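The next block holds one structure in the form of structure tokens; read it before the comments.
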Amino acid sequence: MGTDGPGVILAGLDGSDSSWRATAYAAGLARRQGAVLAVAYIQPILGAATALAGAAVEETTQEIAEELLAALREAERRVREVWKVEWRFLTMRGDPYTGLAKLADELRADAVVVGVSEQAGHKVIGSVAVRLVKAGRWPVTVVP
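Following our numbering, the numbering of the sequence shown begins with 102 at its first residue and continues without gaps.
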């Protein structure tokens, strides 16, 4: 508030190709606007059938978060000499829409960038991107 341009751009990253493209797009926006890039991985809470696996599932989603963070650090290292973006990696467990919405509100994000859903069922029940747009609380960019 009270600034010219965005202060925080939130990108949702889940490891899919479209989420990596969205993160790259958000990084470019953050660089050009001098904004902080917040990259978020929401560790999914899986259904009852997988709840029996309990700790194994939680450990797996934490490993994914660590792999995503390592890939982000490597990408930053490769472009560090060309341009610099202040960024942070955030992760939490929960529903992807609810987690991204909560983080966007907490960070007072000026924009949210997500990749288009690659799951067929989302055409029926709605993707995270569609739900974020419908919430109408932040500008949302959906990257193919």
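Backbone N, C-alpha and C fix where the C-beta goes; we use that ideal spot for every residue, glycine too. None of the values given here were measured: they were computed from a predicted structure.
Check, Outcome
"Per DSSP, what are the beta-bridge partners of Y142 in this structure?", "T192"
"Between the region 193-203 and the region 117-129, do three or more beta carbon pairs fall short of 8 Å?", "no"
"Can you give me the C-alpha to C-alpha distance between R133 and P145, rounded to a whole angstrom?", "32 Å"
"Helix, strand or coil for V231 per DSSP?", "helix"
"In the DSSP assignment, find the beta strand (DSSP E) that holds A112 and state where it starts and stops.", "109-113"
"For A127, which residues from the same chain have a beta carbon less than 7 Å from its beta carbon, with the 5 sequence-adjacent residues on both sides left out?", "I110, A112, L138, V214"
"Please classify W239 as buried or exposed, where buried requires at least 16 other C-beta atoms within 10 Å of its C-beta.", "buried"
"Thinking just about the alpha-carbon of each residue, which of T199, E207, L208, E219 is nearest to the one in S233?", "What sits at residue 233 in the sequence shown is Leu, not Ser. Out of T199, E207, L208, E219, T199 has the C-alpha closest to the C-alpha of L233."
"Could you give the first and the last residue of the continuous beta strand (DSSP E) run that contains A251?", "No information on residue 251 is available, as it lies outside the stretch 102 to 245 that the chain covers here."
"Only counting the same chain, and skipping five residues up and downstream in sequence, which positions put a Cβ closer than 6 Å to that of T162?", "Q144"
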